[in-house]
Amino acid sequence: MAANECLFCKIVLGDVPADIVHEDDQVLAFRDINPRAPIHILIIPKQHLESLASVADENRDLMGHMMLTTKKIARDEGLSQSGYRTVINIGADGGQTVNHLHLHLLGGRALRWPPG
Ligand code: AMP
Ligand code: ZN
């Protein structure tokens, strides 16, 4: 998919509205439109990467930054003590529906395991 047709690229550009909780030069984080938990935030790279399967060695710093940003957002959302979950869905069997890499941050209730 071309980046200019990608929903999450449109959110990065401000062409589609989102409830943004964090933005810096590399990543954007916003609340999921269909939350599966009391707190459900998506953390995405600003650059268009289709999925974790598209990530290369040159994206090492970006991926580290995404994880550390997720930890900070979880802390700011008050989840550090209660715990939370991070999920990256990849491809058809992984249940990926938006083909722009995104990390789900879920919390605010006890989450079941294993996922479906
Ligand atoms: P996935 O199934 O892992 O690809 O997750 C895609 C997520 O994007 C789902 O949880 C959707 O609810 C969420 N989503 C889709 N459109 C929007 C949107 N416009 N704003 C925020 N979240 C969205
Ligand atoms: Zn994109």
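Take the sequence shown: its position 20, counted from the start at 1, is 8 in this note's numbering, and no numbers get skipped.
Quick reminder that beta carbons are idealized off the backbone N, C-alpha and C, glycines included.
Residue i - containing alpha helix (DSSP H), residue span
i, result
"G82", "79 to 82"
"V0", "-5 to 1"
First through last residue of the beta strand (DSSP E) which encompasses residue i
i, result
"H90", "Premise fails: H90 is in no beta strand (DSSP E) and is neither H nor E."
"H28", "27 to 33"
"V75", "72 to 75"
"H53", "No beta strand (DSSP E) holds H53; the alpha helix (DSSP H) holding it covers 48 to 64."
"L16", "15 to 19"
"H10", "8 to 11"
Cβ neighbour criterion (16 or more within 10 Å) applied to residue i
i, result
"M55", "exposed"
"V4", "exposed"
"R17", "It is worth fixing the name first, because residue 17 is Ala in this sequence and not Arg. That one is buried."
"P26", "exposed"
"V57", "Reading off the sequence, residue 57 comes out as Thr, not Val. Counting Cβ neighbours within 10 Å, T57 comes out buried, since at least 16 surround it."
"I8", "exposed"
Test: residue i CB closer than 8 Å to a CB of chain D
i, result
"P23", "As a matter of chain content, chain D is missing from the structure shown, which is built from one protein chain."
Pick from the options that is closest to residue i, judged by C-alpha positions
i, options, result
"G104", "G95, G83, S39", "G83"
"K59", "I8, D81, A44, G95", "G95"
"V43", "N22, H90, L99", "H90"
Close-in-space but distant-in-sequence residues of the same chain around residue i (CB under 7 Å, 5 per side omitted)
i, result
"S68", "A62"
"I76", "L40, L91"
Contacting residues, own chain, Cβ-Cβ under 8 Å from residue i (five flanking each side not counted)
i, result
"D20", "H28, I29, L30, H92"
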